[in-house]
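Residue numbers 231 to 445, in the working numbering, belong to the letters of the sequence shown in order.
Backbone N, C-alpha and C define an ideal beta-carbon position, used for all residues, glycine too.
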Amino acid sequence: MITVPELLAPVDPEAPLLVVATREEAEHLGADVPVLLTGIGRINATAALTEALARGPLPATVLNVGTAGSLDDGPASSLHGVHRISRVLLHDFSHSAVRKLAGADAYPPIDLEVPGEGEGGGTSSSNGAAGTVLATGDLFVEDSATRARLAETADLVDMEGYAIAWVARRYGVPVELIKLVSDPADESAGKLWAAGVAECSRVLGEHLGQRLRER
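Dropping the structure here:
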């Protein structure tokens, strides 16, 4: 079922705003803080979060919580588990061409502070960057060739993270991206996501509960 953008509770300036793409991913996140359902993809995410922040009040922070495909086949594979993103980039934009035409990249990578690790995170990703790198695009990645190309610069792939970080930064609101691996971003991705999204929501709910207790 297509998720229609919906704010499930009023924004609280003293609390985080959870931003989630689909109702299925949000099912087990609890009701302790406001949740914004955006729908799938960058345009939906941008429009929904912009509308919520423009209406006000601004939340204490924006927490984007959701699933992502793994791009890592290394010995310490990121195929499992929850990841706090230290860098997010846009993978389906003509960065090089726009730099030549306009003199600058309209959508450069966004570095995020990972709580407890400082700016840029404290671990090394499979592609040599610090922390966990997320690639965002409107393409649902489910083929090995695209997966291999994206793995050169990122560890995980999703469809909303960059847009959410970009909008939050525009409004001066702190932002965190929390992603749980749901599939290997190959030919099995669609089937595995559909079969596992309920369990992913449960795991994310447990992680989020712990995360909020740390605040």
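Take the alpha-carbon of Arg-432 and the one of Ala-245: they are about 21 Å apart.
Boundaries for Leu-288: no beta strand (DSSP E) harbours it, and the DSSP string shows neither H nor E there. According to the DSSP secondary-structure assignment, Asn-294 is paired through a beta bridge with Val-249 and Leu-407. Around the Cβ of Arg-400, a 10 Å sphere holds fewer than 16 other Cβ atoms; the residue is exposed. In the structure shown, Gly-439 adopts helical secondary structure according to DSSP, grouped into three states. Between Ala-365 and Asp-302, the C-beta spacing is not below 8 Å.
Non-local beta-carbon contacts of Ala-395 in its own chain, meaning distances under 6 Å to residues more than five positions away in sequence, involve Val-318, Ile-340 and Val-405 in chain order. Shown here for Leu-238: same chain residues with a beta carbon closer than 6 Å to its own, the five before and five after excluded, namely Val-265 in chain order. Assignment of Val-234 by DSSP, reduced to helix, strand and coil, places it in the coil class. Counted as a single uninterrupted DSSP element, the alpha helix (DSSP H) harbouring Ala-393 occupies residues 391-400. Taking the Cβ atoms as the reference, Thr-291 lies roughly 7 Å from Val-403, within the contact range of under 8 Å. Leu-407 places its beta carbon 8 Å or farther from that of Cys-430. Under the three-state reduction of DSSP output, Gly-420 falls in the helix class. Judged by DSSP in its simplified three-state form, Leu-279 adopts helix. Contact between Leu-442 and Val-295 does not hold, since their C-beta atoms are separated by about 11 Å, which reaches or exceeds 8 Å.
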